[in-house]
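Each number in the numbering used here corresponds to the 1-based position in the sequence shown with 132 added. Think of the CB as a built atom: it goes at the ideal place given N, C-alpha and C, for glycine as much as any other residue.
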Amino acid sequence: MASKPKLKFDIEDMKKAVSAVNKKEKNVYQASKLYQVPRSSLQNIVDGKATLGNTKFGPKPALGDHEPLFVHWIEAMSQRRFPITTRNLLVLVGKNAKEMGVDQLFNGNPGKKWFKLFMKRNPSIAKRTVEKVTKSGSLVTKSHILNCFNNVQDFLIENNLMDILENPSRIFNTDESGFMLCPKGEKYLVSGEKRMFMKFVKTMINSITVLVNISADGVLVPTMLVFSGKRMPKGNTK
């Protein structure tokens, strides 16, 4: 595999050469020799055809200055817990390509190569598997949980029942978890932060709810499974 092209000059040396030419202390030829920078590159920068910040090689992105808008859209959607898929992005770009004047670069929607380069140019975007939760479940916060414990403690104090907390066999922790029968492993485009992302869903379709209850001294209460509201065979309910 061919190595990536590298700059043939030092950025600081080029800045000094440009400054010398702009101040008319040296001409382009003299400055290129003095600071050991390519004369053609120096000439292009002085003429405004190139900039010192433009150190990337190859053609410009097809979307040009519009690409950051799609990056911002992806980040905004993930922050609002409505992450989008790769297909969502490709379809949207395809629909808006004509308005941007770049529809001739795509045959319909952009392909895999464009998407691969898009992700490479924008490392702030990553493909992640998100956790699907209902809106009601997402409303539970740390402050709500702490408030619940405070209410329980206040109740025990008011009714002189604080001795319960000294007996681990009377302290139970209950956890309810939903397991989807047909989970979808599709990945979504989200901002590249290393944290769990959630996606709102209307309901946890085709799932089983498991209620686990265990005491502080390690005694496990028989686990309860909650299926969808259907009539169970008589033999399974005994």
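Across the set Lys-148, Asn-345 and Ser-164, the C-alpha of Asn-345 shows the shortest separation from the C-alpha of Arg-302. The three-state reading of DSSP puts Arg-253 in helix, counting H, G and I together. Collapsing the DSSP output to three states places Glu-308 in a strand. Apart from sequence neighbours up to five positions away, the residues of its chain that approach Glu-207 with a beta-carbon distance below 6 Å are Ser-323, ordered along the chain. Tyr-320 and Ile-177 do not touch by the CB rule: their CB atoms are close to 42 Å apart, not below 8 Å. Residue burial annotation: Ser-210 is buried, with at least 16 other C-beta atoms found within 10 angstroms of its C-beta. Scanning its chain for C-beta atoms nearer than 6 Å, with the 5 sequence neighbours on each side dropped, one finds around Glu-199 the residues Pro-193, in chain order. The beta carbon of Arg-260 sits closer than 7 Å to those of Lys-319, Tyr-320, Val-322 and Phe-329, all from its chain and outside the five residues before and after it, given in chain order. Cβ neighbours of Ile-296 within its own chain (closer than 6 Å, five residues either side excluded): Arg-302. One Cα belongs to Asn-159, the other to Lys-148, and the distance between them is close to 13 Å. With at least 16 other beta carbons inside 10 angstroms of its own, Val-153 counts as buried. If you compare the alpha carbons of Thr-306, Ala-348, His-204 and Asp-349 with that of Val-342, the shortest gap goes to Thr-306.
Exclusion of the five residues before and after Ser-347 leaves Pro-300, Ser-301, Ile-303 and Phe-304 as the residues of its chain whose Cβ lies within less than 7 Å of its Cβ.
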